[in-house]
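Taking my numbering, the leading residue of the sequence shown gets 655, the next gets one more, and so forth.
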Amino acid sequence: MSSPYYISSNPIPYQILCHLSSTIVEKLNIGLNFIDIPASYEQTKHRSQIIRLIIYQNQDKTLIICRNLCRHAGGDFVHDIEDLPEIVRCTYHGWKLNVKTLEYTKPADCLKQKQLTIDKKDNGELIILEPLLYEPWTIDSEEKKQDLKPNELRDYT
């Protein structure tokens with residue numbers, strides 16, 4: 655796993671999910687954008703080859719970015735012509751997400767999609783970040799092994 659990434663004075667460690675070039679950022683439409691970005695070599699060891707994002711660009715050019723992955727069952731989101739411009743629907747069970755607020759609208763008040771963090775560079779490139787989570791199952795089993803000393807465990811029966 656790559657080393658943690660930190661944003662200025664923010665103490666939260668992040669992992670770099672992907673980079674968006676200034677060219678991609680300039681081509682974003684106002685409103686809903688679906689983007690697929692190839693994963694870096696480090697990410698392909700443990701994850702899929704493509705990072706799928708939903709990017710909502712407001713009129714003032716601010717961005718709201720989340721993964722194109724439903725938190726309910728892992729389905730992809732699509733935009734349905736019958737829905738409002740900021741609503742996407744999961745292909746698995748029809749759950750609906752408001753991309754502007756990142757709140758699920760169907761069913762209502764159940765989950766909230768995680769917003770990804772953006773670090774903008776001077777050249778216009780965006781670094782898309784996720785909080786670095788502790789994953790105990792990824793620790794090597796040899797590191798977890800502990801030697802017990804005689805009489806270290808007591809029998810309480």
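C-beta: ideal position from N, C-alpha, C; glycine also.
Counting along the chain, I684 sits inside no alpha helix (DSSP H), nor does DSSP assign it H or E at all. With contacts defined by Cβ atoms closer than 8 Å, A693 and I678 do not form a contacting pair. Shortest Cα-Cα distance from I666 to any of D773, T745, E806, L786 involves L786. Secondary structure note for A762: its beta strand (DSSP E) is the uninterrupted segment 762-766. In chain order, S676, V679 place their CB closer than 7 Å to the CB of G778, counting only its own chain and leaving out the 5 sequence neighbours on each side.
As the crow flies, the alpha-carbon of K768 is around 42 Å from that of L802. A straight line joining the alpha-carbon of K715 with that of L682 spans about 9 Å.
Shown here, T759 sits in a strand according to DSSP, grouped into three states.
Nearest in C-alpha terms to D690, of all of P739, N722, K754, D737, is N722. In this structure C764 is exposed. Its beta-carbon is surrounded by fewer than 16 other beta-carbon atoms within 10 angstroms.
One thing to note: L783 has its Cβ within 8 Å of the Cβ of Y659. For E784, the uninterrupted beta strand (DSSP E) run begins and ends at 780-785, by DSSP.
Taking Y746 as the centre and dropping the five residues before and after it, the same chain places the C-beta of A727, G729 closer than 6 Å to its C-beta, in chain order.
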